[in-house]
DNA sequence: TAAACTAGGACTAGTTTAGTACTATATGGG
DNA sequence: CCCATATAGTACTAAACTAGTCCTAGTTTA
Ligand code: FES
Ligand code: FES
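Chains as they are written, first to last, in my numbering: chain A, 9 to 163; chain B, 9 to 163.
#1: To the nearest angstrom, report how far apart residue 52 of chain B and residue 22 of chain B are at their CA atoms.
#2: Could you spell out the range, first to last residue, of the beta strand (DSSP E) harbouring residue 74 of chain B?
#3: Would the beta-carbon of residue 20 of chain A fall within 7 Å of that of residue 126 of chain A?
#4: Closest Cβ-Cβ distance between residue 22 of chain A and chain B: below 7 Å?
#5: Determine, using beta carbons only, whether residue 115 of chain B comes closer than 7 Å to chain A.
#6: Please report whether the beta-carbon of residue 90 of chain A lies at a distance below 7 Å from any beta-carbon of chain B.
#7: Can you tell me whether residue 69 of chain B is helix, strand or coil according to DSSP?
#8: Determine the burial state of residue 46 of chain B: buried for a count of at least 16 other Cβ atoms within 10 Å of its Cβ, exposed for fewer.
#9: Is there a Cβ of chain A sitting closer than 7 Å to that of residue 54 of chain B, yes or no?
#10: Apart from the five residues just before and just after residue 139 of chain B, which ones in its own chain have a Cβ nearer than 7 Å to its Cβ?
#11: Kindly indicate if chain A contains any beta-carbon less than 7 Å away from that of residue 82 of chain B.
#12: Please list, in chain order, the chain A residues whose beta carbon lies closer than 8 Å to that of residue 61 of chain B.
#13: Since residue 49 of chain B sits in a beta bridge, which residues does DSSP pair it with?
Okay, structure coming up:
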């Protein structure tokens, strides 16, 4: 019903691997080997992640990839945005695609609010947590506090 | 990044229309006319909604569709499930599709938890609110209270 | 210069989504 | 009884998107 693409999932796996050893520089091949993903796929994803500024890259011999910033500062929302782009929950409500109904439609706005709420939630989830590394630090996870999904109605 | 299908959006529009006049029996043609959607599409969606128990149908002359229960008792989650089925956020984590990684992957579980949290949220949102009818009643909307998206970590 | 990397884009196959059409079935009125 | 008007179900087509592969170009170091 709500879905993220397989590639986005893979990207998270890759980022999680990078997060586990923030100092180490990985080549696409190494990451592919350690995550058991196909090399071209990993390569493609890393390129995309680099373009969006989530990883740093070094070219040439002994080149490779590195997390651009601490895992705690990378959110689930950023990862999703990097790969799928800022697609809205509904097609109508997004950008300027004019839905034929639009005028008679109160629903679009409602979905849009739900969408925003979900986004806000995803911004609170860091790569640290996705990678299962959150327990180590003493800081309280964003997941530990209940946070409000939808603040005040009406939609 | 997170998307519901256009058809699901249409279905919501149709349901919202039904919710606005709960007593009235609409034919597929009438609903299509009032929502400015194509008749075959509306018809198809109504059939689906009937199969999932969200609307009641009457066949034959003077037949038509009716909301199966008060709009306040129909949730966004139910609507999404009715049309897209219970698709999980990630493909891996869902059902029994074995991801090639699986063992080395902590990420799947994390996404799954996020998914559950979102579902729980969507169960709190009723058709009443989606249709923009929530303001009329005196009852406090589920959206008015902040509710916890993710309770206790770690993922 | 040669080897080991990343950058970028083009391309293909597969799957999903959206939309349409057609047949069968139920109801009620003339 | 028969027909008009509805829904029920299924099957089909076209378009869009996803996943994955491949190839060429550019960059760095030994
Ligand atoms: S604006 Fe497109 S369905 Fe509401
Ligand atoms: S189980 Fe499939 S990517 Fe994690």
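Every residue, glycine too, gets a C-beta built ideally from N, C-alpha and C.
This is what the structure gives:
#1: 12 Å
#2: 72-75
#3: no
#4: no
#5: yes
#6: no
#7: Here DSSP, grouped into helix, strand and coil, assigns residue 69 of chain B to coil.
#8: exposed
#9: Among the residues facing chain A, residue 54 of chain B is not included, as its CB has no counterpart in that chain under 7 Å away.
#10: The beta carbon of residue 139 of chain B is closer than 7 Å to those of 24, 27, 28 and 79 in its chain, skipping five residues each way along the sequence.
#11: no
#12: None at all; the shortest Cβ gap to chain A is about 17 Å.
#13: According to DSSP, which records beta bridges pairwise, residue 49 of chain B is partnered with nothing at all.
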